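Asker: Sharing a structure here in structure tokens format.
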Amino acid sequence: MSARPALGLMLALGIVGAPFALAMASSLGVSSQNLTPYRTCTITATPAATTVVRDASVRQGLPNTNFGATTTSNVASGNGLNRRLYVRFDLTVCAPAIPSTATVRLATLRAYLTGVPAVCRTIDIFPVTAAWTETAITWNNQPFGTAINNPPSGSRTGFFSVGTPIGCQNRVTGAYLVGAIVTSDVAAQVAGSATNFGWMLRDDVEGSGTTRTVTVSAKELGAVAQAPQLVVTYVEQP
Numbered sequence: 584m585s586a587r588p589a590l591g592l593m594l595a596l597g598i599v600g601a602p603f604a605l606a607m608a609s610s611l612g613v614s615s616q617n618l619t620p621y622r623t624c625t626i627t628a629t630p631a632a633t634t635v636v637r638d639a640s641v642r643q644g645l646p647n648t649n650f651g652a653t654t655t656s657n658v659a660s661g662n663g664l665n666r667r668l669y670v671r672f673d674l675t676v677c678a679p680a681i682p683s684t685a686t687v688r689l690a691t692l693r694a695y696l697t698g699v700p701a702v703c704r705t706i707d708i709f710p711v712t713a714a715w716t717e718t719a720i721t722w723n724n725q726p727f728g729t730a731i732n733n734p735p736s737g738s739r740t741g742f743f744s745v746g747t748p749i750g751c752q753n754r755v756t757g758a759y760l761v762g763a764i765v766t767s768d769v770a771a772q773v774a775g776s777a778t779n780f781g782w783m784l785r786d787d788v789e790g791s792g793t794t795r796t797v798t799v800s801a802k803e804l805g806a807v808a809q810a811p812q813l814v815v816t817y818v819e820q821p
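The sequence shown runs contiguously to residue 821 in the working numbering.
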């Protein structure tokens, strides 16, 4: 197909509408089956929708205390004061439902930052390998595993760096929405080859002599725009 008819087809899809676009595609010898539209599902929640998004931080300094109902969550590195964030999104709430045969093109985990340290810190993201609940998880009962507690950098799904210094990946001086790519995890969850237990966020180097803390808004804050989000873009045909 030449470039000019292809441009006309794109204009038809964007301006005239689907019926005319399909007719035009047929006249150009293009089947509707060759058109694979992208779909996007954004999963977020308010406190009332507890099972849609679950988020809770765990604190080494208070190892038996649950923080699933707080309005903010933390990721921190400190001497005996490490903190980690657990978050899970229910993929079944997407409408239309994401079919198991879909191809996930991009999945981004987003967090709304409200506080960052004065130095640049790297936050690692790991898929959780066991079940946990928002109202019961603590430092002492969090899902343990080699990749979580002694993580080689190559085993993490994704990461982002935050801090106030110039040159930091996300140089934050105020509230900020940061995203990290978790496409491979979501693709496996959609295909059924991995169970969705969510993700754990932790500082890349825990146990700092000076405590370094990253603060994010929790869904309990009640502001949808500031709640944790998972944005999934996919096509229904592989």
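Where a beta carbon is used, it is the ideal one built from N, C-alpha and C, also for glycine.
Being a predicted model, the structure only gives us computed values, none of them experimental.
Assuming V559 contacts Y669 under a Cβ cut-off of 8 Å, what Cβ separation, rounded to an integer in Å, is found between them?
Answerer: The structure shown has nothing for residue 559, since the chain only spans 584 to 821.
Asker: In the structure shown, what three-state DSSP assignment does S656 receive?
Answerer: strand
Asker: Can you tell me whether A628 is buried or exposed? The criterion is at least 16 other CB atoms within 10 Å of its CB, across all chains shown.
Answerer: buried
Asker: Jot down the residue ranges of each uninterrupted alpha helix (DSSP H) in the segment 765-791, minimum 4 residues, whole runs only, in chain order.
Answerer: 766-774
Asker: If I measure Cβ to Cβ from V769 and keep anything under 7 Å in the same chain, skipping five residues before and after, which residues do I get?
Answerer: V687, A690 and V815
Asker: Closest by CA to F709, which one among G805, P726 and I720?
Answerer: P726
Asker: Residue ranges of each beta strand (DSSP E) run of no fewer than 3 residues wholly in the segment 626-693, ordered along the chain?
Answerer: 636-642, 655-660 and 666-672
Asker: Here's the rule I'm using: 16 or more other beta-carbon atoms within 10 Å means buried, otherwise exposed. How should S640 be labelled?
Answerer: buried
Asker: Quick check: the segment 695-704 against the segment 786-795, are there 3 or more CB pairs under 8 Å?
Answerer: They touch, by the three-pair rule.
Asker: Let me make sure I understand the geometry here. Which of P811, F742 and S776 has the alpha-carbon closest to that of C703?
Answerer: F742
Asker: Tell me whether A808 sits in a helix, a strand or coil according to DSSP, three-state version.
Answerer: helix
Asker: Tell me whether G790 is buried or exposed, calling it buried when 16 or more other Cβ atoms sit within 10 Å of its Cβ.
Answerer: exposed
Asker: Quick one: is G746 buried, meaning 16 or more other Cβ sit within 10 Å of its Cβ, or exposed?
Answerer: buried
Asker: Could you tell me which of I720, R622 and D787 sits nearest to N665, measuring between CA atoms?
Answerer: It is D787.
Asker: Taking only the alpha-carbon atoms, compute the straight-line gap between G644 and G663 and give it to the nearest angstrom.
Answerer: 6 Å
Asker: Could you tell me how far apart the beta carbons of A680 and V773 are, in whole angstroms, since I believe they sit closer than 8 Å?
Answerer: That belief does not hold up - the Cβ atoms of A680 and V773 are roughly 10 Å apart, past 8 Å.
Asker: Just to check my reading of the structure: W782 and V765 have Cβ atoms closer than 8 Å, yes? What is that Cβ distance to the nearest angstrom?
Answerer: 7 Å
Asker: Expressed to the nearest angstrom, what Euclidean distance is found between the alpha-carbon atoms of T718 and D638?
Answerer: Distance between the alpha carbons of T718 and D638 is about 9 Å.
Asker: Should W722 go down as buried or exposed, given a rule of 16 or more other Cβ atoms within 10 Å for buried?
Answerer: The residue in question, W722, is buried, as its Cβ has 16 or more Cβ neighbours within 10 Å.
Asker: Just the Cα atoms here: how many angstroms apart are G775 and P630?
Answerer: 28 Å
Asker: Could you check the C-alpha separation between N753 and A801 for me, to the nearest Å?
Answerer: 20 Å
Asker: Contact defined as beta carbons within less than 8 Å: I believe L692 pairs with A763. What is the distance between those atoms, to the nearest angstrom?
Answerer: 5 Å
Asker: Going by C-alpha distance, which of Q809, V761, R667 and T778 is nearest D673?
Answerer: T778
Asker: Alpha carbon to alpha carbon, how far is V676 from V635?
Answerer: 7 Å
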